[in-house]
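Step one of this worksheet: look at the structure below.
2 protein chains.
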Amino acid sequence: MYVTSPVDYFENAQPIPPTWSEDVAAEFSCVTTIHTGHSLFCEGDDADFVYKIIEGVVRTSKVLMDGRRQVMAFGYPGDIVGLSHDGLYHSDCDAIDEVKVRIYRKNTFNMSFDEEPDFCGQMLRHAATEMNDMQEHFMMLGRKNALERVASFLVVLLDRVGEKHDCTTCFDIPMSRSDIADFLGLTIETISRSLTKLRKDGVIDLPNPHRVCICKTSALRDLGENDL
Amino acid sequence: MYVTSPVDYFENAQPIPPTWSEDVAAEFSCVTTIHTGHSLFCEGDDADFVYKIIEGVVRTSKVLMDGRRQVMAFGYPGDIVGLSHDGLYHSDCDAIDEVKVRIYRKNTFNMSFDEEPDFCGQMLRHAATEMNDMQEHFMMLGRKNALERVASFLVVLLDRVGEKHDCTTCFDIPMSRSDIADFLGLTIETISRSLTKLRKDGVIDLPNPHRVCICKTSALRDLGENDL
DNA sequence: CGTCTATTTGAGTTAGCTCAACCGTCGTGG
DNA sequence: CCACGACGGTTGAGCTAACTCAAATAGACG
C-alpha cells in the first residue's frame, strides 16, 4: 500500500520519559520536511504519528478501487492531520508543496492521556474545529452548485491566507485544478469554467493559474453562502 | 432562530461541585426524552450541552438561506452530538423518533478538562470515529452515483442495526425519504427510484417504506464500495 | 526548439433534477 | 361509518447542470 515511505524521518526516536510537560514535548516530537508530491502517510498504514503542519500545504484524500478520488481537506500551517480512531490511517496524506511538519509520536498522547491532559484538550478543540469545517464541506458537496462550490472554496482560502492589497485580496492556490476538483466533487473542466466565469464577471482576477485576487469580496461571499 | 425550545428539559440544573468522578457524573448529567420532531438544539444556540443518545435516532443538519438542507449525520444510540469548537452550535439537531438522551453540562468537561481527563479521551476517541464516518460520507457525496450512495447508506445501517434472520438481515429506517435525500445529496425521487431498482434487482426487500431486508448482502456491499 | 504537462475552451451526452400525476395510509369530522 | 383531506412515498416525462471527450493554448524544462 506504500507509495513512498512516510516513516523514515523518525529513525532516531527517543524513548518516552515518565512525565511530559510543554517544554520537553519537543523531545517527543521532531520537525521534518516532506517534499512536494511525497506522502506523509497512506490509507491502511499504522497510525503511529500525528502531524502538525508548520509550513506548506498537505492534501488528505481517499480513493475508490476504480480510481475515483475525494479530497477530504487541505491542511495549512497550524492544522493537525493523522488522527485515527482505530490505530490505522483511513486516508492518504500528501505534500502539495514543500511541507515542514512537526511529527508527534501518537502513544505519547493519543488514546492514553495520563501524562498530559491538556494536550488532549487541544486535540479535542482541534477536532471540533475540523468537524465544523467538514460540515461546511458537506453543505458544498451535497447541496451547492458548481459556481457556489468554487466560490465557497475561494472564500475559505480568502479568510485563511488572503493578503490584503489596497482594494483586492490575493492569495496563492498551491493545489492543482485536479485537487480542487476532487475536493469539490467536480471535474477539472468545471473548475476551470467556474473560475473563468468569476473572472469574466469581474469577481476575481487570475494573474496566473496558481494565484487569485478577489476583486468583489462581498459578491463572492454572497455566491458562496458560507456560514460565519 | 428557535423552532422549538430545546433547553426546557434542564430547568432544575444542579450547581457544579469541585470534584468529578465517574460515579457522581450522573449528578451532572440528566436523562430526558425528546419527542418526535422536536429539536435538541438549533444552529446559533449557545452550545451549553453535549448529548449522548440512549434510545431513538436524531438528525443533525444545516440549511442554507434559500432552504436547501444538508443532513450531516444520523445519531444512533451510543453516539454523541453537540460538540462545538466555539461555544455555539453550528447545526440543528432534531429527534427523528422518540429519543432518550443523557445531557451533559458542557462546562463540566468540554474545553476545561481539569477534573476528569479520561472523559476528554473518550470524547476525542468519539470525535475521531465520527470524523472517520464523515470521510466516508465525503466519498459518497463527492464521488459516488445515486445507486452507490443509497447502497452505501444501507450498508452502514446494516452493519450498525441489522437484525439477522436466517438468510436476510432486516432493519427499520426511521428517517423519511426526505431525510435520506438530504443526507445523500439527492432528491426524494432519486432515493425512491434507487430503492425500487435495488428491490427489482432482488438485492433488498421493502416490507414497508420504513423497513428494509437485505437479501444479497455482498451485492449491496459491492455496490456501496464502503471502506472496511 | 521540441516535448511534456497543466489549464482552458468547445461540443455533445447523460445522470439526476423538476414538475406533475398517482397511490396508499391515517386521522378527523360530519 | 364513511368521506375527505393531508401527507409520505412512488412513478413518469422532459429538462438541465455537470460530465465526457476532444482540441487548442500556454508554460516549464531539458
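Chains as they are written, first to last, in numbering that gives the first Met the number 0: chain A, 0 to 227; chain B, 0 to 227. Glycine is no exception: its CB is placed at the ideal position from the N, C-alpha and C atoms. Note that this is a predicted model, so its numbers are computed, not measured.
Look at Asp171 (chain A): its C-beta is not under 8 Å from any C-beta on chain B.
Phe40 (chain A) sits away from Tyr75 (chain A), with the two beta carbons spaced by 8 Å or more. A distance below 8 Å separates the beta carbons of Phe48 (chain B) and Tyr103 (chain B).
Shown in chain order are the members of the segment 75 to 98 of chain B whose Cβ falls below 9 Å from a Cβ of chain A: Leu82, Ser83, His84, Asp85, His89, Ser90. Separation of the CB atoms of Leu140 (chain B) and Phe137 (chain A) is rounded to 7 Å, and the pair is thereby assigned contact status at 8 Å.
For Lys199 (chain A), there are no neighbours in chain B by C-beta distance under 8 Å, as the nearest C-beta there is about 24 Å away. His164 (chain A) has a beta carbon lying at 8 Å or more from every beta carbon in chain B.
As summarised for the segment 111 to 164 of chain A, the continuous alpha helix (DSSP H) elements at least 4 residues long and confined to that stretch are 116 to 142, 145 to 160, given in chain order. Taking a cut-off of 8 Å on C-beta distances, the segment 153 to 171 of chain B touches the segment 209 to 222 of chain B, as three or more cross pairs fall below it. Within chain B, the residues Met71, Met130, Met133, Gln134, His136, Phe137 have their CB atoms less than 9 Å from the CB of Met133 (chain A), given in chain order. According to the DSSP assignment, Glu54 (chain B) belongs to the beta strand (DSSP E) that extends over 48 to 54. Residues of chain B with a Cβ closer than 7 Å to the Cβ of Leu123 (chain A) are, in chain order, Cys119, Met122, Leu123, Ala126. Along the segment 177 to 210 of chain A, going in chain order, the ones with a CB nearer than 9 Å to a CB of chain B are Asp181, Phe182, Leu183, Gly184, Leu185.
With its beta carbon less than 8 Å from one in chain A, Lys61 (chain B) belongs to the interface.
Take Arg148 (chain B), set aside five residues on each side of it, and the residues of its chain with a beta-carbon closer than 7 Å to its own are Met139, Leu183, Leu185, in chain order. Taking all protein chains shown into account, Asp78 (chain A) has 16 or more neighbouring C-beta atoms within 10 Å of its C-beta and is therefore buried. For Ile52 (chain B), the closest of B:Gly36, B:Arg68, B:Phe73, B:Lys143 by C-alpha to C-alpha distance is B:Phe73. A distance below 6 Å between beta-carbons, with the five flanking residues on each side excluded, links Cys92 (chain B) to the following residues of its chain, in chain order: Leu39, Phe40, Val57, Thr59, Val80. Not a single CB atom of chain B sits nearer than 8 Å to the CB of Gly66 (chain A). Each residue's CA atom was taken as its position, placing Leu123 (chain A) and Asp181 (chain B) some 28 Å apart. Assigned with DSSP and collapsed to three states, Arg68 (chain B) falls in strand. Leu140 (chain A) belongs to the set of residues whose beta carbon lies under 8 Å from a beta carbon in chain B.
Across the set A:Val100, A:Lys99, A:Leu219, A:His34, the C-alpha of A:Leu219 shows the shortest separation from the C-alpha of Val202 (chain A).
The criterion of a C-beta distance shorter than 8 Å is satisfied by Thr31 (chain B) and Val100 (chain B).
Asp226 (chain A) reaches chain B at His89, counting residues in chain order whose Cβ is nearer than 7 Å. Judged by DSSP in its simplified three-state form, Lys215 (chain B) adopts coil rather than helix or strand. The three-state secondary structure of Leu39 (chain A), taken from DSSP, is strand. Residue pairing by DSSP puts Lys99 (chain B) in a beta bridge opposite B:Thr32, B:Glu54. For Thr195 (chain A), the enclosing alpha helix (DSSP H) stretches over residues 187 to 199.
Taken through DSSP and simplified to helix, strand or coil, Leu222 (chain B) comes out as helix. A distance of 8 Å or more separates the beta carbons of Met71 (chain A) and Gln69 (chain B). DSSP links Phe73 (chain A) through a beta bridge to A:Arg58. Judged by DSSP secondary structure, Leu205 (chain B) falls outside any alpha helix (DSSP H) and instead within the beta strand (DSSP E) spanning 203 to 207. His84 (chain B) counts as buried, since no fewer than 16 other beta carbons sit within 10 angstroms of its beta carbon. Leaving aside the five residues that flank Gly66 (chain A) on each side, none in its chain has a CB nearer than 8 Å to its CB. Each residue's CA atom was taken as its position, placing Arg142 (chain B) and Leu156 (chain A) some 23 Å apart.
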